[in-house]
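Below: the structure, in structure tokens.
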Amino acid sequence: MIEPRVVKNWLYRGGFALVFMTVLFFSILPLEVGSGRWPGPDLVLAFAFAWVLRRPSYVPLFWVGCLFLIGDFVYMRPPGLWAGLSVLALEFLRDREGTSRDMPFLVEWATVGVVMLGLAVLYRLTLGIFMVEQTSLGLVILQQISTFCAYPFVVLISVKLMGVTKISTAEAELIGQTR
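Adding 1 to a residue's 1-based position in the sequence shown gives its number in this note's numbering.
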């Protein structure tokens, strides 16, 4: 018989893929509202960060890497660069999940903001080294700000609507994730 925990993990992995595909679908629709001066947030990255800090088993490395690679192809970014850097950022946060269990939300939010900023800087530096054409720095900064501002709402949706809560210390000891 399959353990309920394993079934729950796979259901949430499928749920993350569904969230990813929904965000991807709506982001490629030709809907222009307003002047288009302010870029929207990277909701997929925000959901991935929120989920990896709450339940790391719901967003495994290979699964998220494949989904982000699909995003690279759809958004016509250099294949694998954003996906690879995002996986590195997710693994950085996953490594700190044990200490983030007792972390207040504002500290978590600041940590995620610093990681997002580092991710954007590394991405731009890598593109600059290989002389790949880039969007303006202002648009990148505005997108990071909008993602940073959207993160609390993403966490609220993840916790209240999707049930992705932080793992308790007792549950972590039960499944062997103590740090």
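In this text, a Cβ means the ideal position worked out from N, Cα and C, and glycines have one as well.
Gln145: first and last residue of the uninterrupted alpha helix (DSSP H) it sits in: Here residue 145 refers to the residue found at position 144 of the sequence shown. Residues Leu138 to Leu157.
N-terminal and C-terminal residue of the alpha helix (DSSP H) that Ser28 is part of: As a position in the sequence shown, residue 28 is number 27, starting the count at 1. Boundaries of the alpha helix (DSSP H) around Ser28: Pro5 to Ile29.
Closest Cα partner of Thr170 within the set Met104, Leu89, Pro79 and Ala84: Position 169 of the sequence shown, counted from the start, is the residue given in the question as residue 170. Comparing Cα positions, the closest option is Met104.
Where the alpha helix (DSSP H) through Leu46 begins and ends: Indexing the sequence shown from 1 puts residue 46 at position 45. Run containing Leu46: Leu44 to Arg55, per the alpha helix (DSSP H) assignment.
Short Cβ contact (8 Å threshold) for Val133 with Pro79: If you number the sequence shown from 1, residue 133 lands on position 132. If you number the sequence shown from 1, residue 79 lands on position 78. Yes, they are a contact pair.
Sub-8 Å separation of Leu46 and Val65 beta-carbons: Here the question's residue 46 lines up with position 45 in the sequence shown. Here the question's residue 65 lines up with position 64 in the sequence shown. For the pair Leu46 and Val65, the CB atoms are not nearer than the 8 Å cut-off.
Closest Cα partner of Gly72 within the set Phe154, Ser58, Arg125 and Asp43: As a position in the sequence shown, residue 72 is number 71, starting the count at 1. Looking from the CA of Gly72, the closest CA among Phe154, Ser58, Arg125 and Asp43 belongs to Asp43.
CA-to-CA distance, Ser58 to Val220, given in whole angstroms: Because the chain in this structure spans residues 2 to 180, residue 220 falls outside the shown range and cannot be described.
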